[in-house]
Amino acid sequence: MQAHLALSSQPQIAYTRALYVSGFYAETFMSSNSNSETPSKTISVREVFGIDSNMRVQAFADRADYVPEIDEGYHFNPEVTLAILAGFTHNRRVMLQGLHGTGKSTHIEQVAARLNWPSIRVNLDGHISRLDLVGKDTIVIRENRQVTEFQEGIVPWSLQRPMALVFDEYDAGRADVMFVIQRLLERDGKFALLDQNRVLTPHSSFRLFATANTVGLGNSTGLYHGTQLLNHGQIDRWNIVATLNYLSAAEEMQIIQSRVPEFTSEKNTKLLKSMIAMATMTREGFVVGDLSTLMSPRTVISWAENTLIFDDHELAFRFSFLNKCEEDEHPIIAEYFQRCFDSELDSSYLNQQESNG
Numbered sequence: 002m003q004a005h006l007a008l009s010s011q012p013q014i015a016y017t018r019a020l021y022v023s024g025f026y027a028e029t030f031m032s033s034n035s036n037s038e039t040p041s042k043t044i045s046v047r048e049v050f051g052i053d054s055n056m057r058v059q060a061f062a063d064r065a066d067y068v069p070e071i072d073e074g075y076h077f078n079p080e081v082t083l084a085i086l087a088g089f090t091h092n093r094r095v096m097l098q099g100l101h102g103t104g105k106s107t108h109i110e111q112v113a114a115r116l117n118w119p120s121i122r123v124n125l126d127g128h129i130s131r132l133d134l135v136g137k138d139t140i141v142i143r144e145n146r147q148v149t150e151f152q153e154g155i156v157p158w159s160l161q162r163p164m165a166l167v168f169d170e171y172d173a174g175r176a177d178v179m180f181v182i183q184r185l186l187e188r189d190g191k192f193a194l195l196d197q198n199r200v201l202t203p204h205s206s207f208r209l210f211a212t213a214n215t216v217g218l219g220n221s222t223g224l225y226h227g228t229q230l231l232n233h234g235q236i237d238r239w240n241i242v243a244t245l246n247y248l249s250a251a252e253e254m255q256i257i258q259s260r261v262p263e264f265t266s267e268k269n270t271k272l273l274k275s276m277i278a279m280a281t282m283t284r285e286g287f288v289v290g291d292l293s294t295l296m297s298p299r300t301v302i303s304w305a306e307n308t309l310i311f312d313d314h315e316l317a318f319r320f321s322f323l324n325k326c327e328e329d330e331h332p333i334i335a336e337y338f339q340r341c342f343d344s345e346l347d348s349s350y351l352n353q354q355e356s357n358g
């Protein structure tokens, strides 16, 4: 994996450095083509994010490497956006919690993109170890000789740079490993590299975020296998915990139409209303225990895109959602479909009775 990041203060100096991330090495090229290491301008939240707020936040003047690409059609949730902006501006540790497919990680990325703030996402899982996060000694070739060098992990690498580090699926990380960042969850927390006898002071523009489905409560619903029970002494150290769940039908329609512009026509808008109504019914069915899964906004976007591919919203529905569900639940889902589209799926009770007759 090739990446570029400029941190040197001497324009003629460039060097490569190996970065150890989750079991593989990424060669990082250092040069001076970076923006300032501290935010140098102030922007209006109302003008940039379309939120009814007088807040003004700090931002970098120029785009640099690791700054996410801007999605012009992205729809910002006001409450969650303000929480993320507080994290960037006031150096608060922010965790976003919510059901899957609601765009938690994307929300952080799109805020960072408009602030020109470099950002990197790390997906946690049960196999991430302390060495992945902190680093380890490795054997490298220097001047035709094998020597041992310490390769920094993603945490110390990010800590020393103007970088927003985002831990995706935070509750999938092992509880004992996540204690590595315990000290960092304090505002001015330093990071001790025990292998190097060094104590790192975070860069003034380093920020820390996380996303989670369960806030460390484990897989209580059966939806999120692989999530862990986390120590709530650590969860308590997160300064801000914001919830991003499913939006209203109008907001969801706006998001989907921005992602799939073909659904802005009058005909497809009517179809999309029925698709969102179908998704809402699966969520309500999940809440009352009729279904073991539900349709997220991500699923509806896939359904819309597949509808354009196959020119058949029923076939696209099968590919996008129905085939992911328990077979015993197909008749219930088919009944939801009939209510929303006034047409029968093969899995409906009506069709089953006709076939049995």
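So the sequence shown is numbered by my numbering: it starts at 2 and just counts up by one.
Just so it is clear, CB atoms sit at the ideal spot from N, CA and C, and this is done for glycine as well.
So what does DSSP say about residue i, is it helix, strand or coil?
i, result
"Asp347", "coil"
"Val112", "helix"
"Thr244", "strand"
"Asp63", "coil"
"Ser249", "coil"
"Asp235", "According to the sequence shown, residue 235 is Gln rather than Asp. Helix."
"Ser205", "coil"
"Gly24", "Residue confidence for Gly24 is low, a pLDDT of 39 falling below 50, so the modelled location carries little weight; the figure read from the coordinates is stated next. The answer is coil: DSSP assigns Gly24 none of H, G, I, E or B."
"Asn1", "Residue 1 lies beyond the residue range present for the chain, which begins at 2 and ends at 358; the question has no answer from this structure."
"Thr103", "coil"
"Glu187", "coil"
"Ile256", "helix"
"Gln339", "helix"
"Trp158", "helix"
"Leu132", "helix"
"Asn34", "A caution first: Asn34 carries a pLDDT of 39, below 50, which makes its placement in the model unreliable, though a value can still be read off. Coil."
"Leu83", "helix"
"Gly74", "coil"
"Gly88", "helix"
"Asp291", "coil"
"Asn117", "coil"
"Glu327", "coil"
Could you tell me the alpha carbon to alpha carbon distance between residue i and residue j, rounded to whole angstroms?
i, j, result
"Arg284", "Asp291", "10 Å"
"His381", "Ile302", "The structure shown does not extend to residue 381, since the chain spans only 2 to 358, so no value can be given for it."
"Phe320", "Ser297", "15 Å"
"Asp189", "Lys42", "23 Å"
"Met31", "Asp66", "For Met31, the predicted structure reports a pLDDT of 35, less than 50, and the residue's modelled location is therefore unreliable. A value from the coordinates is still provided. Taking the straight line joining both Cα atoms gives about 11 Å."
"Leu201", "Trp158", "10 Å"
"Glu38", "Phe192", "20 Å"
"Ser344", "Thr270", "18 Å"
"Ile241", "Lys268", "42 Å"
"Val359", "Leu185", "The structure shown does not extend to residue 359, since the chain is modelled only from 2 to 358, so the question has no answer here."
"Leu346", "Gly174", "40 Å"
"Pro212", "Gln59", "Checking the sequence shown, residue 212 turns out to be Thr, not Pro. Taking the straight line joining both Cα atoms gives about 23 Å."
"Gln339", "Trp304", "17 Å"
"Glu144", "Phe151", "17 Å"
"Ile155", "Arg208", "13 Å"
"Thr103", "Ile257", "12 Å"
"Ile140", "Gln183", "29 Å"
"Gln197", "Asp133", "16 Å"
"Phe264", "Glu306", "9 Å"
"Glu336", "Ala250", "20 Å"
Locate the alpha helix (DSSP H) running through residue i, then write down its first and last residues.
i, result
"Gln152", "Note, Gln152: premise wrong, no alpha helix (DSSP H); beta strand (DSSP E) at Arg146 to Glu153."
"Leu309", "Pro298 to Phe311"
"Asp169", "Run containing Asp169: none in the alpha helix (DSSP H); it sits in the beta strand (DSSP E), Ala165 to Asp169."
"Thr39", "Thr39 -> no alpha helix (DSSP H), and no H or E assigned at all."
"Phe320", "His314 to Ser321"
"Ala278", "Glu267 to Val288"
"Ser69", "The identity of residue 69 in the sequence shown is Pro, whereas the question assumes Ser. Unbroken run through Pro69: none, as it is neither H nor E."
"Val261", "No alpha helix (DSSP H) contains Val261, which DSSP labels as neither H nor E."
"Asp53", "Unbroken run through Asp53: none, as it is neither H nor E."
"Asp177", "Ala176 to Met179"
Would you mind giving the Cβ-Cβ distance between residue i and residue j, rounded to the nearest angstrom? I have them listed as a contact below 8 Å.
i, j, result
"Ser275", "Phe322", "Not a contact, Cβ separation roughly 14 Å."
"Gly74", "Ser206", "The pair is not a contact, with the Cβ atoms about 28 Å apart (cut-off 8 Å)."
"Lys325", "Thr281", "Not really, about 18 Å apart at Cβ, beyond 8 Å."
"Leu166", "Ile121", "6 Å"
"Asp63", "Asn117", "6 Å"
"Phe89", "Ile52", "With a Cβ gap of about 14 Å, Phe89 and Ile52 do not count as contacting."
"Asp172", "Thr215", "5 Å"
Got a sec, what are the start and stop residues for the beta strand (DSSP E) residue i sits in?
i, result
"Arg208", "Arg208 to Ala213"
"Gly136", "Gly136 to Arg143"
According to DSSP, which residues form a beta bridge with residue i?
i, result
"Gln98", "Ala213 and Thr244"
"Ile44", "Val58"
"Val200", "Ala193"
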